[in-house]
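Everything in the sequence shown is counted per the UniProt record's numbering, starting at 1 for the first residue and increasing by one.
We put the CB at the ideal spot given by N, CA and C, even for glycine.
Take a look at the structure below.
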Amino acid sequence: MSAIKNDTTQSDLVQTERESNEVRISLSNTSKVSIIDFQAKEKELLGVIYGIGMNINNVIGSGIVTSPGIIWKAVKSPEIVLLLWFVGGIVSMSGSLSYVELGVIHKISGGETKYLQTAYPDPKFMMSYLFSFMFIFAIRPGIISAVLQSAAQYFWYTIKGYRYDDDIKQITNGWHLPFSPFWFIKLIAVGFLFIITIYHMLSNRWANYINQTLAIIKLTTYSIIAIAGIYRLIANWSVSRINWQTQINGNSDIKDYSTSILLIMFSYDGWNSLNYSLDEFRKVEKKLIYSNSISVGIVTIIYLLVNVAFISVVPASSMDSKSDETIAATFFRQLFGESEVIVRIFTALVVLSVIGTAASTVWSGSRVIVAAAISHFFPIYSYELRTWHNYFNTPVNALFAQFIWCTLIIFFVGSSFTLTSFTLFSTFSMYSYWIFYFATGVGLLIIRNRNKNNLKNKRFSFEEEEKSKFNGNSYNLLKIEEKLYKVPLPVATIFILAGLFILTFSFVVDDRCPEALNLDPPSCNEYSRKERIQQLSPMFISYGFFIIAIIFWYFLYYWWNTYLIEKNSRSSENTKVVEKESGIEGYEEAAINKKLNEEVAKNEIDISDFSPGPSNRSISQLSLNRHQSLRNQSQHSLTSLNRKNQNQSTQT
Numbered sequence: 001m002s003a004i005k006n007d008t009t010q011s012d013l014v015q016t017e018r019e020s021n022e023v024r025i026s027l028s029n030t031s032k033v034s035i036i037d038f039q040a041k042e043k044e045l046l047g048v049i050y051g052i053g054m055n056i057n058n059v060i061g062s063g064i065v066t067s068p069g070i071i072w073k074a075v076k077s078p079e080i081v082l083l084l085w086f087v088g089g090i091v092s093m094s095g096s097l098s099y100v101e102l103g104v105i106h107k108i109s110g111g112e113t114k115y116l117q118t119a120y121p122d123p124k125f126m127m128s129y130l131f132s133f134m135f136i137f138a139i140r141p142g143i144i145s146a147v148l149q150s151a152a153q154y155f156w157y158t159i160k161g162y163r164y165d166d167d168i169k170q171i172t173n174g175w176h177l178p179f180s181p182f183w184f185i186k187l188i189a190v191g192f193l194f195i196i197t198i199y200h201m202l203s204n205r206w207a208n209y210i211n212q213t214l215a216i217i218k219l220t221t222y223s224i225i226a227i228a229g230i231y232r233l234i235a236n237w238s239v240s241r242i243n244w245q246t247q248i249n250g251n252s253d254i255k256d257y258s259t260s261i262l263l264i265m266f267s268y269d270g271w272n273s274l275n276y277s278l279d280e281f282r283k284v285e286k287k288l289i290y291s292n293s294i295s296v297g298i299v300t301i302i303y304l305l306v307n308v309a310f311i312s313v314v315p316a317s318s319m320d321s322k323s324d325e326t327i328a329a330t331f332f333r334q335l336f337g338e339s340e341v342i343v344r345i346f347t348a349l350v351v352l353s354v355i356g357t358a359a360s361t362v363w364s365g366s367r368v369i370v371a372a373a374i375s376h377f378f379p380i381y382s383y384e385l386r387t388w389h390n391y392f393n394t395p396v397n398a399l400f401a402q403f404i405w406c407t408l409i410i411f412f413v414g415s416s417f418t419l420t421s422f423t424l425f426s427t428f429s430m431y432s433y434w435i436f437y438f439a440t441g442v443g444l445l446i447i448r449n450r451n452k453n454n455l456k457n458k459r460f461s462f463e464e465e466e467k468s469k470f471n472g473n474s475y476n477l478l479k480i481e482e483k484l485y486k487v488p489l490p491v492a493t494i495f496i497l498a499g500l501f502i503l504t505f506s507f508v509v510d511d512r513c514p515e516a517l518n519l520d521p522p523s524c525n526e527y528s529r530k531e532r533i534q535q536l537s538p539m540f541i542s543y544g545f546f547i548i549a550i551i552f553w554y555f556l557y558y559w560w561n562t563y564l565i566e567k568n569s570r571s572s573e574n575t576k577v578v579e580k581e582s583g584i585e586g587y588e589e590a591a592i593n594k595k596l597n598e599e600v601a602k603n604e605i606d607i608s609d610f611s612p613g614p615s616n617r618s619i620s621q622l623s624l625n626r627h628q629s630l631r632n633q634s635q636h637s638l639t640s641l642n643r644k645n646q647n648q649s650t651q652t
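Structure representation (structure tokens):
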């Protein structure tokens with residue numbers, strides 16, 4: 001009787017597995033999307049030259065054709081302008097070299113998400129989750145919105161021949177302003193975002209071709225600006241020196257310097273872009289240090305030359321009344337003032353250059369959403385957001401979600417504060433980013449201290465590598481073929497101190513009542529209050545998103561996952577009692593292991609998520625949740641099968 005029972009159980013188990021696979025194949029054939037490990041499909045193509053070009057394309061964007069006019073008006077002096085841009089290059093270089101060490105240690109894509117996991121594993125990957133949340137909902141949308149706002153302004157200039165000043169004078173918002181041009185420019189920005197999103201949805205190959213073409217246009221345009229400006233400086237020194245010897249009327253306030261620093265760091269942002277694609281690198285340690293350092297050095301030189309060109313050609317008198325967000329258009333008008341057609345052609349090239357920056361940002365932003373979804377940071381829609389379209393082979397859901405959210409940011413956030421949209425988007429996104437730049441810089445020192453005995457010139461055999469495991473106090477070093485790169489401590493210190501300075505100095509405001517206004521004390525107090533709100537609004541937005549991120553982490557990640565694990569554990573214990581009594585306990589684990597192996601093979605479980613944690617498990621809590629879910633499915637089938645077998649045994 002027992003033999004009959006066991007034979008029947010085994011045959012039914014095989015049939016159950018076969019039916020499950022048939023359903024799985026059926027769903028796969030009818031579904032429009034499937035999970036694809038895009039990192040595994042990428043070939044290791046990046047060398048030094050390609051890495052330099054990729055970094056330069058990501059760094060040089062709208063900031064260099066939008067920020068110089070604002071900064072020049074704010075700090076008044078051309079010499080101080082160049083000094084601030086040079087300091088921005090030094091800070092970016094120190095950050096880039098610090099990220100080289102982090103990239104060499106980990107040798108996997110993911111950037112800050114992985115680095116913060118290693119540095120701050122407790123409590124429950126909170127810092128990593130907060131970065132992913134802020135990056136997806138605040139930092140990346142803010143950068144995209146700022147870049148597209150700049151593109152829309154230059155497009156308006158190309159069509160109309162002048163720039164619209166969208167600075168909201170009232171303290172409330174811009175909702176009362178007429179549709180054209182305030183709202184029309186926002187529609188232009190959303191239209192550009194729609195076009196970029198569509199062609200990234202349709203084809204990765206064509207998106208790559210388009211983005212490379214836009215990158216060539218970008219480098220050509222900025223090279224023309226630099227060369228023409230230097231030529232004008234040399235050929236017409238008697239005229240150009242007036243700008244260099246003249247300060248813009250007025251004295252700079254402290255708040256002007258804090259805004260200028262954030263805008264400069266916005267212009268340099270992207271120096272860490274290669275750390276998001278380390279899986280594509282050949283020999284990370286040798287290639288990354290050259291790619292990062294050379295690219296940041298080239299960008300710094302280009303930025304200094306472009307600023308010299310602007311200061312040499314654009315009259316300082318044009319900066320007296322207002323800052324110029326379309327200073328490149330003013331530059332071309334000074335050079336080709338007699339030919340309106342040439343001016344608008346070059347302005348159109350600037351539009352394409354800025355769109356190219358937005359396109360690369362949209363591409364990388366969608367991949368971050370996919371990576372966060374694979375880590376189950378979205379409790380409900382993780383599967384949908386990490387799926388790729390079968391035919392187009394693109395993350396259509398992530399791209400669409402990013403489009404919707406950025407559109408809301410452009411319309412609602414950009415219309416509710418008394419700053420120009422570009423200044424608002426760029427400053428709040430950069431301030432948010434530097435919260436995690438600072439945390440990552442400090443995390444590098446924490447990793448060094450925690451693993452000071454491991455960060456040496458060692459060689460591990462393959463067997464030793466396999467034996468090395470993650471735990472709360474150390475992390476798994478991949479096989480080391482050469483000495484690990486270690487950034488000099490003074491360089492890392494510069495990066496950390498710069499982050500601390502930016503995060504604190506941004507709160508220093510100047511709310512003094514101007515004497516020229518001749519206001520009475522009550523009116524002066526009201527003016528000061530409005531000034532404080534206006535100057536601090538980017539930081540308020542950043543920390544507002546940060547608080548929301550903490551709430552989401554606790555309730556939707558920490559508490560919810562803990563609840564699911566406990567619930568599944570209780571369910572598993574109850575089911576094991578039934579299995580033990582029925583005599584089929586061993587088959588359940590075999591079915592689970594088989595199903596898990598199938599899902600790992602199909603990349604439905606993130607095998608790269610075996611992250612360090614406070615416990616000594618080889619899989620993370622996220623993968624454990626999936627394991628428990630599969631266990632429950634198998635238990636349900638086996639319980640039904642057990643009842644069937646008992647009925648058959650009774651009849652026999």
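Option nearest residue i by Cα separation, candidates the options
| i | options | result |
| --- | --- | --- |
| V491 | S96, S569 and I159 | S96 |
| L130 | N275, L556, T562 and I565 | L556 |
| G357 | A207, L484, N390 and V87 | Checking the displayed sequence, the identity of residue 357 turns out to be Thr instead of Gly. Considering only alpha carbons, the answer is A207. |
| I502 | A439, I548 and A329 | A439 |
| N307 | L497, I70 and I550 | I70 |
| T326 | Y431, G161, G297 and V100 | G161 |
| A371 | Y391, F392, A359 and L399 | L399 |
| W85 | N58, I224, M265 and Y209 | M265 |
| G61 | V100, S109 and V147 | V147 |
| V75 | G47, S258, P141 and N204 | S258 |
| G443 | M126, L116 and L187 | L116 |
| Y276 | W237, T361, I227 and I301 | T361 |
| Q149 | V487, K452, F411 and S537 | F411 |
| Y157 | S317, F332, S98 and L278 | F332 |
| I380 | M127, V59 and N561 | N561 |
| N272 | N58, F507 and Y209 | N58 |
| S421 | I210, I217 and P538 | P538 |
| S203 | G270, F392 and S240 | F392 |
Residue i burial status per 10 Å Cβ neighbour count (16 or more: buried)
| i | result |
| --- | --- |
| I185 | buried |
| T504 | exposed |
| L262 | buried |
| Q212 | exposed |
| K567 | exposed |
| A189 | buried |
| L335 | buried |
| V87 | exposed |
| L83 | exposed |
| E101 | buried |
| I494 | buried |
| G191 | exposed |
| A235 | exposed |
| E44 | With a pLDDT of only 47 at E44, under 50, the local geometry of the prediction cannot be trusted, and no value is derived from it. |
| W363 | buried |
| N390 | exposed |
| S429 | buried |
| S506 | buried |
| W72 | buried |
| S132 | buried |
Tell me, please, whether the region 345 to 360 touches the region 116 to 132 by the rule of three or more beta-carbon pairs shorter than 8 Å. no
Three or more C-beta pairs closer than 8 Å, one from the region 134 to 153 and one from the region 55 to 70: is that the case here? yes
Pairing CB atoms from the region 290 to 307 with CB atoms from the region 45 to 54, are three or more of them under 8 Å? yes
Does the structure place the region 351 to 369 close enough to the region 84 to 95 that three or more beta carbon pairs sit under 8 Å? no
Continuous alpha helix (DSSP H) assignments of at least 4 residues falling wholly in the region 81 to 143: 112 to 119 and 126 to 134
Meets three-Cβ-pair contact criterion under 8 Å: the region 441 to 454 and the region 98 to 107: yes
Specify whether the region 197 to 206 and the region 373 to 386 touch according to this definition: at least 3 beta carbon pairs, one from each stretch, less than 8 Å apart. no
Under 8 Å: do the region 425 to 438 and the region 532 to 544 share three or more Cβ pairs, one atom per stretch? yes
With a floor of 4 residues, list each alpha helix (DSSP H) that falls wholly inside the region 192 to 256, ordered by position along the chain. 204 to 235 and 237 to 245
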